[in-house]
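Trainee: Protein chains in written order, with this note's numbering: chain A, 1 to 160; chain B, 1 to 160.
Ideal placement from N, C-alpha and C gives every residue a C-beta, glycine not left out.
The model shown is predicted, which means the values in this text are computed figures rather than measured ones.
Pasting a structure here, questions to come.
Protein chains: 2
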Amino acid sequence: MSTERRRQAQPAPVSNRDFPDFEHSLPMLLLRAREAVMERFRPMLRGFGLTEQQWRVIRALVESSGMDASELSAASYIKPPSLSRILQNLEGRGLIRRRKPRRDRRRARIALTARGRQLFGRVVPHSREHYSAIAQALGAEKMAELYALLDETRKRLELE
Amino acid sequence: MSTERRRQAQPAPVSNRDFPDFEHSLPMLLLRAREAVMERFRPMLRGFGLTEQQWRVIRALVESSGMDASELSAASYIKPPSLSRILQNLEGRGLIRRRKPRRDRRRARIALTARGRQLFGRVVPHSREHYSAIAQALGAEKMAELYALLDETRKRLELE
DNA sequence: GATTATTCGTTAACATGGTAAGCATATCCG
DNA sequence: CGGATATGCTTACCATGTTAACGAATAATC
């Protein structure tokens with residue numbers, strides 16, 4: 001870091017006080033932190049032919065043996081239009097299955113196939129490793145703090 | 001939940017312990033927190049015909065009167081391919097300008113036009129309002145904690 | 001019970017994310 | 001010098017994000 005010239009007088013060029021510096025805006029910090037985490041997962045998932053979002057869908061499905069598309073959308077935090085495309089993809093690959101309940105034929109019950117569960121089982125150990133590495137890099141304490149803060153942040157901002 | 005057959009012999013249905021619940025994985029928490037914040041900004045930006053990313057680019061440019069595309073990419077946290085398209089868009093609307101330095105004609109100097117700066121000026125007050133609302137909802141204290149934690153998280157995870 | 005309003009999922013249209021490859025220009029180095 | 005390498009940006013391709021509108025099916029209202 002030999003270049004030290006960027007630290008000049010700068011008569012405060014427009015951006016100032018209660019408008020946070022670009023580098024320090026909350027959305028930016030959240031984005032960068034998330035990117036730092038995901039950089040570790042993506043290559044691994046890609047090795048299994050999965051995107052981050054496809055993996056989110058599979059994970060959500062594992063925990064409940066079948067849900068409506070709406071529930072799945074909420075659980076995976078993927079909006080219906082995106083989810084719709086993702087499900088087409090996963091169905092085409094035989095990882096999930098869609099059924100139409102007779103009583104309400106607007107809905108679609110989504111469930112993992114055996115193939116889907118099997119893939120999940122193959123990915124989990126790798127995922128686990130990354131989580132461990134992250135937990136170790138951060139320390140259990142800061143990790144817990146961060147979790148709590150993020151959750152409260154979301155709660156306080158969502159309702160209002 | 002009348003169907004109880006999925007709980008068969010299966011050597012522990014894979015998902016458990018040190019593999020965090022889906023709802024509580026770090027990437028998920030970061031994503032949801034960020035979404036809670038951005039939900040407030042997007043409609044406002046949309047009112048000015050801007051996407052979140054276009055706004056990031058403009059903000060980055062305001063703070064420095066001209067940068068190379070690479071610097072801009074790093075500053076706005078948008079990868080070169082996306083940035084390239086965004087710049088075409090903004091240039092077409094007369095919000096930014098591109099110039100080719102003579103000494104290195106691979107590079108591209110990007111700068112805001114007067115029109116671009118003007119738009120920035122019109123958006124800032126609204127952006128400020130949202131930031132205030134967020135700061136108020138969270139409280140200055142938690143806000144500071146969160147900033148520090150996020151920044152440290154990123155640092156610890158990026159290098160390794 | 002026919003009309004209206006809601007709901008659920010999908011498609012459409014445009015913009016971005018992510019990876020790989022392309023192309024031009026600069027730089028290295030024998 | 002001149003060919004091999006590296007750099008800066010763009011294109012290409014596929015997947016997803018975001019908003020709006022659509023279509024089928026159900027629920028609500030009179």
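Under 8 Å, with one C-beta from each stretch per pair, do the region 118-137 of chain B and the region 144-160 of chain A reach the 3-pair mark?
Mentor: A contact exists between the region 118-137 of chain B and the region 144-160 of chain A.
Trainee: If you run the structure through DSSP and keep just helix, strand and coil, what is residue 85 of chain A?
Mentor: What you label residue 85 of chain A is simply residue 85 of the first sequence in a count that begins at 1. It is helical.
Trainee: Assign residue 60 of chain A to one of two classes, buried (16 or more other C-beta atoms within 10 Å of its C-beta) or exposed (fewer than that).
Mentor: As a first step, residue 60 of chain A is located in the first sequence; it is residue number 60 there, counting from the start. Residue 60 of chain A comes out buried.
Trainee: Could you compute how far the alpha carbon of residue 128 of chain A sits from the alpha carbon of residue 123 of chain B?
Mentor: Walking along the first sequence from the start, residue 128 of chain A turns up at place 128. Walking along the second sequence from the start, residue 123 of chain B turns up at place 123. Their backbone Cα atoms lie some 43 Å apart in a straight line.
Trainee: With burial defined as no fewer than 16 other Cβ atoms inside 10 Å of the residue's Cβ, what is the status of residue 41 of chain A: buried or exposed?
Mentor: Counting from one through the first sequence, the residue named residue 41 of chain A turns up at place 41. Residue 41 of chain A is buried by the Cβ-count criterion.
Trainee: Among A:142, A:89, A:120, A:68, whose alpha-carbon lies nearest the alpha-carbon of residue 106 of chain A?
Mentor: On the first sequence, residue 106 of chain A is found 106 positions in, with the first residue counted as 1. Taking only the C-alpha atoms, the option nearest residue 106 of chain A is A:68.
Trainee: Do we get a CB-CB distance below 8 Å when we pair residue 90 of chain B with the residues of chain A?
Mentor: What you label residue 90 of chain B is simply residue 90 of the second sequence in a count that begins at 1. No, no contact with chain A.
Trainee: Give me whichever residues DSSP pairs with residue 28 of chain A in a beta bridge.
Mentor: Counted from its first residue, the first sequence places residue 28 of chain A at position 28. Answer is none; residue 28 of chain A lacks a bridge partner.
Trainee: Residues bridged to residue 67 of chain A by DSSP?
Mentor: Locating residue 67 of chain A in the first sequence gives position 67, where the first residue counts as 1. Its beta-bridge partners are A:110.
Trainee: Hey, would you say residue 96 of chain A sits closer than 8 Å to residue 119 of chain A, going by beta carbons?
Mentor: Counting from 1 along the first sequence, the entry for residue 96 of chain A is found at position 96. Counting from 1 along the first sequence, the entry for residue 119 of chain A is found at position 119. Cβ distance not < 8 Å, so residue 96 of chain A and residue 119 of chain A don't count as in contact.
Trainee: Figure out for me which residue from A:28, A:33, A:85, A:25 has the closest Cα to the Cα of residue 138 of chain A.
Mentor: In the first sequence, counting from the first residue as 1, residue 138 of chain A sits at position 138. The candidate whose alpha carbon is nearest that of residue 138 of chain A is A:33.
Trainee: Let me confirm a value: residue 56 of chain A is counted as buried when at least 16 other C-beta atoms fall within 10 Å, else exposed. Which label applies?
Mentor: To locate residue 56 of chain A, count along the first sequence from 1; it is residue 56. Buried is the call here.
Trainee: Please name the residues in the region 134-158 of chain B whose beta-carbon is closer than 9 Å to at least one beta-carbon of chain A, in chain order.
Mentor: Against chain A - using a Cβ distance shorter than 9 Å - the residues of the region 134-158 of chain B are 134, 135, 137, 138, 139, 142, 143, 145, 146, 147, 149, 150, 151, 152, 153, 154, 155, 156, 157, 158.
Trainee: Can you pull the chain A residues whose beta carbon is under 8 Å from the beta carbon of residue 34 of chain B, in chain order?
Mentor: Counting from one through the second sequence, the residue named residue 34 of chain B turns up at place 34. Correct list: 27, 30, 31, 34.
Trainee: In chain A, what lies closer than 9 Å to residue 24 of chain B by C-beta?
Mentor: Translated into positions along the second sequence, residue 24 of chain B becomes position 24. Per Cβ cutoff of 9 Å: 147, 151.
Trainee: From the DSSP output, read off the bridge partner residues of residue 97 of chain A.
Mentor: Locating residue 97 of chain A in the first sequence gives position 97, where the first residue counts as 1. According to DSSP, which records beta bridges pairwise, residue 97 of chain A is partnered with A:111.
Trainee: Does the separation of the CB atoms of residue 109 of chain A and residue 99 of chain A fall below 8 Å?
Mentor: Numbered from 1 along the first sequence, position 109 holds the residue referred to as residue 109 of chain A. Numbered from 1 along the first sequence, position 99 holds the residue referred to as residue 99 of chain A. Against a cut-off of 8 Å, the Cβ pair of residue 99 of chain A and residue 109 of chain A comes out as a contact.
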